[in-house]
Amino acid sequence: MSANSDVTSADIVVTGIRASLSSSAQIKRDADQIVDSISAVEVGKFPDANIAESLQRITGVAIDRSGGEGQFITVRGLGPEFNTVLVNGRVMATDNAGREFSFDVLSSNMIQRTDIYKSPVSELQEGGIGATVNIVTARPLEGRDGLHATAQLGAIYDTLREKASPDFAANMSWTNPDKTLGIVLAGSYTKRKSQADTIAIDGWINGRPDIVQDVDGVPTLITGSDPRYPVSGNVNAPQSLYYQRAQEERERINLSGTVQYRPSDTLEITIDGIYSKFNVRGVVRKMDNFMAAPYYQPTFDENGTMTSLNMLGADFLAQNPEFAAQYGPLLTNNGINSKIDHVYNTTNRLSDSYQIGGNVKWTPTDDIQIAFDASMTGANRKSPNQYLVIGGLLPYTYQFNLNGGGDLPSVSYDNDIINDPNFQRLHYMGIDNNRSRDRGSEFHLDTKWDIQDSILKSVKIGLSYTERRKINRSFNNSDSSCTYCGYHVPIANGLLQPYDWSDLLGGGRNIPPTLFQFDPDAFLAYLNDPATLSIPTNGRTPEEQAAFAQAALALDGGPFGVREQLRGTVNVRERLTAGYVSMEFGGSAWNGNVGLRVIKTDVLSSGFDTPVTSITATPGDDTLQYSYGPATAISVRNSYVNALPSANIKYNVTDNLIARAAFSQSITRPTLTDLGVNNNFGGRISIPTSSGGNPNLRPFRSTNYDLALEWYISRVSYLSIGGFYKDLSDFLELQTLPVQQFGRTFQDTRTRNGQTGTIKGVEIGGQYSFDALGGFASGFGVTGNYTYVSSSAKRDQTLEDYGCGYNGLSPHSANGSLFFEKYGLSARVSYNWRSDYLRNCRDSQSRPRNRSSYGQWDFNISYDLTPNFQVYVQGVNVTNEYVDEWSAVKSRFLMLQDTGARYNFGVRAKF
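Laid out in structure tokens, this is it:
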């Protein structure tokens, strides 16, 4: 139905924000399925600098941020791995571990619109049970003829870094007067310096750990089975408390281009490509207070949470020689559990990705359309990182208090000791340079036969073939990372420098004001020095240490060079063969479609089996060290067929009121790297850990029902309400479960099937422009939406004390915007909010991780200096809201994080 039927606005010409909203409303109205859309305000100007941050203004969409910037989306409570993201109708390779698409790799200046399909049709690629998102770049033959160009010269300022960085973009389009030939080119360069300050507990250990209590004035070890234990059930003890500052420099280069040729009315040829180079170079500085049983004089609340405890130091053992003599040899570190680590960690992500495609549309007759599309895509990633740890066993007993820093946990500390370089010792030194490679190709043949004078309007038949291979290779020094573990070897003078972070989280939170940092290159040179390696550690004699040093230096690259660890190899190839048929029906006031899509999936997972031959503990520390046997190549095949029906019906109740209903079945396949045959081992005596792939995973299946009602008030304004219900099975979820291996209980982390349940909800959305008011008031408008989602979940394995729902599902989410556009001024202020949600049912220490409700204010203001020049400023999280996370109960703190506010500002020109 044409927008000209809206008689109240038929003669209004809309531009800017209104043009974007009008285009989005028209796409929603004309669609044969339930869809929402975000359109560019004009060429090269998307509503937000980040694509994900624009999508969160669509009903049912929430986003996850990385460094305060939108990276992933959640739709209707289903996380990024359950939503298919396409670029120009094709899958684009990603440098992520899985299929989930990172919206931060693409600049918004090259995007014409982004559509979110919430109810599928059979011709749409499968894979998203939440939604299918299609990012569409500009097409020259759909725009104006002639030569046009836009340019943006700007900067990005992050308040925590207090530094501005460049943000440049340009677009050019040319189309001949006959609109038979056109080209669009776009490019951008962005550099951003960000910071995230964090205080966190690395999970809560659930069980009955050993404690030390004063019994009749005498320190006594009490085990979990002792009737004197102060709590009847399991307790939850903190694994560690750490303070952290992560600083990143993000550099992104994007290039895109499209050429279209229409030699006749019956033939159109399109060739397009996208290239993205995205490098993130980060440094994490962390002070970590690791806690381990036995806990001295702990206290508990009514939920079994350990609210305070003491870590035994050398002073305690000196004051209690009888306790030391009786229990010391049985305890970790001979009873000295009071220790602190200074960590220097580089977090680098050096990636590039591309997509190249061609499309031919041919209309041999008025009733027949044939389209062929072919594309190839690739992504690469290298992560050259270092994780360097120094520290020491403290000479004093320190106290942990869950509410010691106001509303935050704290530990007692002696700053003169923890920041005394003479007290520090070498510990763990992990070096890696892991690599990821993603390659894919697609071929689609789509046909349509239009039928005249019949209730059956058209028949669509299509075939497709997709092949994708993801290879992750692990390069590290895991076979020698514990060369210095145990806090034995002193550090040479001059290598350590103090780092002042007294302003961490705003300051004044009982956080140590300084920690150590060091030049990693100079530090590694000291570690590789044969003289340093010859210092006896872990109880070795000088002769034994000399032999150990010689063996370490003989390793390829030395003890701190990287070597390929075959047990970490993930090599997964996936082939998809699909066919579909769809029939469209219609009458005077209604239309609909019914279709079936059948897909055969073939997966080959390859890698190496490297058996564990021994597990030993590090003297002076409880870090576990593993020895492995020779690697053997292995592979596992898996295949399955899915038949996915879909049906959509649309009924025009009146000229401006549309009712919709939809039914479909959909799947989400396991992410490729989750299908690996790899296994990894680590952890400590108290908590051995393992992780890896699961090549026999089944696809996550959903049966979907949708209803919607849409009232179009004008070409810009509308109100909508919709309801949805999803019946889920074989839910895919990353879980950490206790698994018996090698005579120990490991916390094993990998993706598993097994969960069933339902998700249902209601979406209400709309937008309204006050054009009818006239004058100044006619410049105003509002947009907003609210989503309510409820769920039920049944798991094969549950937590005794916590009923987990679905990861990423907020029961309530809402956002609203007020905009003004008139007299050359365009302004918008927005508030985005989502309620508490579960991030992971089994996170650190196999315990839940929840995130508290979060809302932030953003704004966007621009002013036209002339018809060709505009100045702008955008603000994100301008009130500097913090991210807060907790475990099974809110009092069981996990994290508080500050990412600051971000501002984009500059000038735009168009010609």
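When you line the sequence shown up against our numbering, it's residues 187 to 1097, in that order. We treat Cβ as the ideally placed atom computed from N, Cα and C, and that holds for glycine.
Pair within 8 angstroms by beta-carbon distance, residue i and residue j
| i | j | result |
| --- | --- | --- |
| T150 | S999 | What is shown of the chain runs 187 to 1097, which leaves residue 150 out entirely. |
| A565 | T280 | yes |
| L207 | Q1056 | no |
| N1018 | Q257 | no |
| S675 | T723 | In the sequence on display, residue 675 carries Val and not Ser. In contact: V675 and T723 (Cβ atoms closer than 8 angstroms). |
| I853 | R887 | yes |
| E488 | N465 | no |
| G1086 | L427 | no |
| S906 | L895 | yes |
| P684 | F704 | no |
| A764 | D795 | no |
| T922 | L883 | no |
| L594 | R659 | no |
| A833 | N779 | yes |
| N236 | D290 | yes |
| V261 | G329 | no |
Whole-Å CB distance - residue i paired with residue j, under 8 angstroms assumed
| i | j | result |
| --- | --- | --- |
| L790 | R753 | In fact, because the Cβ distance is near 19 angstroms, the residues do not count as touching under 8 angstroms. |
| T444 | P326 | 6 angstroms |
| N880 | L861 | 7 angstroms |
| Q1031 | Q425 | 6 angstroms |
| S977 | G991 | 5 angstroms |
| N619 | S569 | 7 angstroms |
| M615 | S442 | Rounded, the Cβ-Cβ distance is 42 angstroms, inconsistent with contact. |
| L920 | F771 | L920 to F771, Cβ: 42 angstroms. No contact. |
| N422 | R394 | N422 to R394, Cβ: 11 angstroms. No contact. |
Within-8 angstroms CB hit, residue i to chain D
| i | result |
| --- | --- |
| D705 | The displayed structure is made up of one protein chain only, and chain D is not part of it. |
Extent of the continuous alpha helix (DSSP H) run through residue i
| i | result |
| --- | --- |
| Y513 | 507–513 |
| F709 | 706–714 |
| Q736 | 728–740 |
| I203 | 202–216 |
| D602 | 601–604 |
First through last residue of the beta strand (DSSP E) which encompasses residue i
| i | result |
| --- | --- |
| G256 | 255–261 |
| S240 | It is not in any beta strand (DSSP E) - S240 instead sits in the alpha helix (DSSP H) that spans 237–241. |
| I460 | 453–476 |
| H630 | 611–636 |
| F1006 | 998–1008 |
| N571 | 554–579 |
| K643 | 642–659 |
| S800 | 798–803 |
| I408 | 404–408 |
| P395 | That residue, P395, is in no beta strand (DSSP E); it is neither H nor E in DSSP. |
| Y837 | 818–838 |
| N1036 | 1035–1037 |
| L346 | Run containing L346: none; DSSP gives neither H nor E here. |
| S847 | The sequence given here places Ala at residue 847; Ser does not occur at that position. Unbroken beta strand (DSSP E) run through A847: 843–854. |
| W1019 | 1011–1020 |
Local Cβ density within 10 Å of residue i, reported as buried at 16 or more and exposed below that
| i | result |
| --- | --- |
| I224 | buried |
| L959 | exposed |
| L710 | buried |
| E508 | exposed |
| A740 | exposed |
| A196 | Only weak support is given to the placement of A196: the predicted model assigns it a pLDDT of 35, under 50, and the value that follows is read from those uncertain coordinates. Under this definition A196 is an exposed residue. |
| A511 | exposed |
| F268 | buried |
| N190 | The predicted model places N190 with a pLDDT of 34, which falls under 50 and marks its position as unreliable, so this point remains unresolved. |
| L1080 | buried |
| Y911 | exposed |
| E239 | buried |
| D1029 | buried |
| K836 | buried |
Any non-hydrogen atom of the ligand NAD closer than 7 angstroms to residue i Cβ
| i | result |
| --- | --- |
| S774 | Questions concerning the ligand NAD fall outside what the structure shown contains, since it holds no ligand whatsoever. |
**Message:** Within 8 angstroms, do at least three Cβ pairs link the region 359–373 to the region 318–336?
**Reply:** yes
**Item:** Segment contact flag, the region 384–396 with the region 350–363, C-beta cutoff 8 angstroms, min 3 pairs
**Value:** Short answer: they don't touch.
**Item:** Sufficient close CB pairs (3 or more, under 8 angstroms) joining the region 540–555 to the region 573–592
**Value:** no
**Request:** For the region 639–651 and the region 601–611, state whether three or more C-beta atom pairs, one from each stretch, are separated by less than 8 angstroms.
**Result:** no
**Request:** May I ask you to verify whether the region 864–876 touches the region 922–935, counting CB pairs closer than 8 angstroms and requiring at least 3?
**Result:** yes
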